[in-house]
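As structure tokens, the structure follows; a few thoughts come after it.
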Amino acid sequence: MVPRLETRISSSSTPYPPPQTIKTNSSPTPLRTSSFEGTVALWLKSPHEKEAGQEYFSHPSREGMTYAIVVRGKFIDDITADDIFFGNVFENPVRDHLPWGSSIAMRAMQWLDPSIEMDAYADRPWALSPLLATMNYVSITRQPQNGVIVEEDCDLLEELAGIQKWKGDSKARSSSRKAWFNIPANREKVQLKGLEISLEFCNGYLDVDFNTFSVTLPRPFNLSIPLLKYWDGQPVTYVCQMGKQPGERACWSVAYHIVDAVPLDDTASAKPNTEEEEVHEDDQGRGVAAAVAKENGEGELLDDLD
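Residue numbers (full-length UniProt numbering): 1 to 306.
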């Protein structure tokens, strides 16, 4: 059978792992658990369905994105921004199935998100960041917000935490917000209960080809990884949870699962075995650093690899 991608979200009784299958590129779906009440919309670009998700991907500020998770709603518990984390959690080890070049990808993740902590070699691998420091776009208001995308709006923090409103365009204000919430003492100042929180996590670094199920890193990396070659049968799950260790209380989660495919045999090697995959890791590392430096305007990042 032809492999396909299935998307799942939390149900009211099971925040994690997410059991409820939903469609991508459609209207927001109710997302209710014991810790959160709101909606979620999942957006996924496909080269074979040009019109799919155009409401999202045709937006001028989202044209370069390939997938997105948009969540809106309220946290029910009496918590601060320092209590909530977001990222990937796996139930089984992946250390024996990591593709060649994974160390470079992890270094890139740390440059893109300085707040991230991870352990890809643990029995339950994880990579988690403070929720409001890692989201691409955040809106914190007292009234519910709507729309396909999340417009960056944290002006309420002037009232909640006594900081001046961040200036600049949406990208500049997003960068200021990430830097501010990267500091634990700042996160502790913001009580989340009762606030309307809109969150958007999106990514344009990965180009997913649903015909071959490969992930292609954009130029200058020029590296393609065939997912099915390394896939061990586990879904890729994004979880919003209280605390930054696997197994802590989940507020909600979203999973991407390849179905109708044969998982990698446990004895299979995750090493490159074709000439095309033989790329020198140091060169790839400099490519990643160059791309991140270009994105952030920080050329000195290249020195980290010397």
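Even for Gly, the Cβ is constructed at its ideal location relative to N, Cα and C.
The beta strand (DSSP E) with residue i in it runs from where to where?
i, result
"K45", "Note, K45: premise wrong, no beta strand (DSSP E); not H, not E."
"E117", "117-119"
"R4", "4-9"
"Q20", "20-22"
Please tell me whether residue i and residue j are closer than 7 angstroms, where the distance is taken between their beta carbons.
i, j, result
"V254", "Y238", "yes"
"T7", "Y205", "no"
"K165", "D153", "no"
"N136", "F57", "no"
"T39", "P28", "yes"
Spatial neighbours of residue i within its chain, please: CB distance less than 6 angstroms, with the 5 preceding and 5 following residues excluded, ordered by chain position.
i, result
"P246", "V89, R124, W126"
"Q191", "T80"
"K50", "none"
"V236", "Y256"
"P19", "S11"
"K229", "none"
"E37", "G73, K74"
"V94", "P125"
What does DSSP give as the partner residue(s) for residue i in the beta ladder?
i, result
"E37", "R32, K74"
"G87", "L128, V239"
"D153", "S139"
"N203", "Y67"
"E196", "T141"
"T80", "Q191"
Over the uninterrupted alpha helix (DSSP H) stretch that includes residue i, give me the two end residues.
i, result
"W252", "Premise fails: W252 lies in the beta strand (DSSP E), 250-259, not in any alpha helix (DSSP H)."
"I104", "102-112"
"Y56", "54-57"
"L98", "Here L98 belongs to no alpha helix (DSSP H), and DSSP marks it neither H nor E."
"N92", "Careful: N92 lies outside any alpha helix (DSSP H) and carries neither H nor E."
"P184", "184-187"
"W62", "In the sequence under discussion, the amino acid at residue 62 is Arg, which differs from the Trp named in the question. Unbroken run through R62: none, as it is neither H nor E."
"K171", "170-181"
Which same chain residues end up closer than 7 angstroms to residue i when comparing Cβ atoms and leaving out the 5 residues on each side of it in sequence?
i, result
"N203", "M65, T66, Y67"
"T274", "Summary for T274: the model assigns pLDDT 40, below 50, so the residue's position carries little reliability; its value from the coordinates is reported in the next sentence. Counting only Cβ-Cβ distances below 7 angstroms, and skipping sequence neighbours, we find nothing."
"D83", "M242"
"A268", "The predicted position of A268 is uncertain, since its pLDDT is 44 and thus under 50; a value taken from the coordinates is nonetheless stated next. Excluding positions up to five away in sequence, the list is empty."
"E188", "T80, D82"
"residue 314", "No statement about residue 314 is possible, as the shown extent of the chain runs from 1 to 306 and does not include it."
"Q110", "I116"
"P17", "T237, S253, A255"
"K193", "F75, D77, D78, I79"
"R4", "V259, D260"
Ordered along the chain, which non-local residues of its own chain (more than five positions away) have a Cβ less than 8 angstroms from that of residue i?
i, result
"S35", "P15, F75, I76, D77, M242, R249, A250, C251, W252"
"P144", "R72, E196"
"E117", "A127, L128, S129, K244"
"S214", "V208, S224, I225, P226, L227"
"S26", "A41"
"E63", "F57"
"G168", "S176"
"N146", "R72"
Can you give the beta carbon distance from residue i to residue j, rounded, assuming they're within the 8 angstroms contact cut?
i, j, result
"L157", "I183", "Not really, about 13 angstroms apart at Cβ, beyond 8 angstroms."
"L131", "F86", "4 angstroms"
"S13", "L31", "Their Cβ separation, rounded to whole angstroms, is 13 angstroms, which puts S13 and L31 out of contact at 8 angstroms."
"S198", "V150", "5 angstroms"
"L98", "A120", "7 angstroms"
"L44", "T21", "L44 to T21, Cβ: 14 angstroms. No contact."
"Q234", "E91", "7 angstroms"
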